[in-house]
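Protein chains in written order, with my numbering: chain A, 1 to 111; chain B, 1001 to 1115.
Every residue, glycine too, gets a C-beta built ideally from N, C-alpha and C.
Notes follow the structure.
This is the structure in structure tokens:
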């Protein structure tokens, strides 16, 4: 969960396909996780969250999977749309206010 | 519902000038955060308040930065004097309760350029 560098990894998907964005979190004590979407020129927007006592949670067109064994989080977006194009990043909370933000992945939706 | 409101959205200022960024948190939220986002370092927590009281300012880069929260609906982040390396997007965020499981909601950011 270190801060972003100069280049964000990019995921390009065809419109209508499913997208899977991955995040490796850093602190095994983290017990709450959030996925944010950040569009160009805007602030991070809450998408979905999950607590550590769960391994899967579904929202509208989005699903978050949590694998505590390998400290891995993923965000699945079904039927990806052009409006889903943005930077997505995960945040983990080790039980405190100091959320640790991931590096971010840029999702590009191809028409 | 009104989210976190920040102003100005964009500011360009000359090195050495004072910059004041403003924030109105979501009504009823008792925690307020100031973050800075850059390409190199991503999102960094600068300071946070609980019930208008600064709790942790360990992320504030140096004495040129200061933040206040005079009441539950208003906070400022001030940079004096500003330097080109302060150029970044500054986000204000608020939360209803800061324990594991409580979401932080962000404003749209103040885009600062110091020339």
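Suppose contacts are defined by Cβ-Cβ distances below 9 angstroms. Is residue i in contact with residue j by that definition?
i: residue 185(A); j: residue 50(A); result: The structure shown does not extend to residue 185(A), since chain A spans only 1 to 111, so no value can be given for it.
i: residue 1045(B); j: residue 1033(B); result: yes
i: residue 1002(B); j: residue 1038(B); result: no
i: residue 1059(B); j: residue 1047(B); result: yes
i: residue 1104(B); j: residue 1031(B); result: yes
i: residue 71(A); j: residue 25(A); result: yes
i: residue 1016(B); j: residue 1082(B); result: yes
i: residue 31(A); j: residue 95(A); result: yes
i: residue 48(A); j: residue 11(A); result: no
i: residue 198(A); j: residue 86(A); result: Residue coverage of chain A in this structure runs from 1 to 111, which leaves residue 198(A) outside it and unanswerable.
Taking C-beta pairs closer than 7 angstroms, name the residues in chain B that residue i reaches, listed in chain order.
i: residue 44(A); result: 1106
i: residue 103(A); result: 1042
i: residue 25(A); result: Ordered by position in chain B, no residue passes the 7 angstroms Cβ test against residue 25(A), which lies about 13 angstroms from the chain.
i: residue 98(A); result: 1045
So which residues on chain A does residue i lean against when the C-beta distance must stay under 7 angstroms?
i: residue 1116(B); result: Residue 1116(B) lies beyond the range of chain B shown here (1001 to 1115); nothing can be said about it.
i: residue 1013(B); result: Near residue 1013(B) there are no residues of chain A at all, since even the closest Cβ is about 19 angstroms away, more than 7 angstroms.
i: residue 1103(B); result: 34, 46, 49
i: residue 1109(B); result: 43
i: residue 1021(B); result: Ordered by position in chain A, no residue passes the 7 angstroms Cβ test against residue 1021(B), which lies about 13 angstroms from the chain.
Answer with yes or no whether the minimum CB distance from residue i to chain C is below 9 angstroms.
i: residue 1063(B); result: Absent here is chain C; the protein component of the structure consists of chains A and B.
Identify the contact partners of residue i in chain B, using a Cβ-Cβ distance below 9 angstroms as the criterion.
i: residue 117(A); result: For residue 117(A) there is no data in the structure shown, the boundaries of chain A being 1 and 111.
i: residue 108(A); result: Near residue 108(A) there are no residues of chain B at all, since even the closest Cβ is about 18 angstroms away, more than 9 angstroms.
i: residue 88(A); result: Simply none; closest approach about 13 angstroms.
Tell me the rounded alpha-carbon separation between residue i and residue j.
i: residue 1074(B); j: residue 16(A); result: 43 angstroms
i: residue 67(A); j: residue 106(A); result: 22 angstroms
i: residue 88(A); j: residue 82(A); result: 14 angstroms
i: residue 35(A); j: residue 109(A); result: 18 angstroms
i: residue 1019(B); j: residue 1008(B); result: 10 angstroms
i: residue 102(A); j: residue 9(A); result: 12 angstroms
i: residue 1024(B); j: residue 1005(B); result: 5 angstroms
i: residue 1026(B); j: residue 1095(B); result: 8 angstroms
i: residue 5(A); j: residue 1052(B); result: Confidence at residue 5(A) is low in this model, with a pLDDT of 42, below 50, so the placement of that residue should be treated as unreliable; the coordinate-derived value is given next. So the alpha carbons of these two residues sit roughly 33 angstroms apart.
i: residue 1062(B); j: residue 23(A); result: 31 angstroms
i: residue 1042(B); j: residue 1056(B); result: 19 angstroms
i: residue 18(A); j: residue 1093(B); result: 31 angstroms
i: residue 1070(B); j: residue 1050(B); result: 12 angstroms
i: residue 1113(B); j: residue 1090(B); result: 11 angstroms
i: residue 111(A); j: residue 1054(B); result: 47 angstroms
i: residue 39(A); j: residue 104(A); result: 12 angstroms
i: residue 1(A); j: residue 1115(B); result: For residue 1(A), the predicted model reports a pLDDT of 35, less than 50, meaning its position is unreliable; a value from the coordinates is still stated below. Each residue's Cα considered, the two are about 31 angstroms apart.
i: residue 1097(B); j: residue 14(A); result: 39 angstroms
i: residue 64(A); j: residue 90(A); result: 10 angstroms
Please compile the residues from chain B whose C-beta is within a distance smaller than 8 angstroms of the C-beta of residue i.
i: residue 71(A); result: The premise fails here: residue 71(A) is roughly 16 angstroms from chain B at the closest Cβ pair, so nothing lies under 8 angstroms.
In the DSSP assignment, find the beta strand (DSSP E) that holds residue i and state where it starts and stops.
i: residue 1044(B); result: 1042 to 1050
i: residue 1011(B); result: 1010 to 1013
i: residue 88(A); result: 86 to 93
i: residue 1110(B); result: 1110 to 1114
i: residue 1076(B); result: 1074 to 1079
i: residue 1085(B); result: Neither: residue 1085(B) is in no beta strand (DSSP E) and is coded neither H nor E.
i: residue 1058(B); result: Where residue 1058(B) is concerned, there is no enclosing beta strand (DSSP E), given that its DSSP letter is neither H nor E.
i: residue 21(A); result: 19 to 24
i: residue 1069(B); result: 1065 to 1071
i: residue 1026(B); result: Per DSSP, residue 1026(B) belongs to no beta strand (DSSP E) and is neither H nor E.
Report yes or no: do the region 1012 to 1024 of chain B and the region 58 to 68 of chain A share at least 3 C-beta pairs separated by less than 8 angstroms?
-> no
Please determine if the region 31 to 46 of chain A and the region 1089 to 1108 of chain B are in contact, where contact requires at least 3 C-beta pairs separated by less than 8 angstroms.
-> yes
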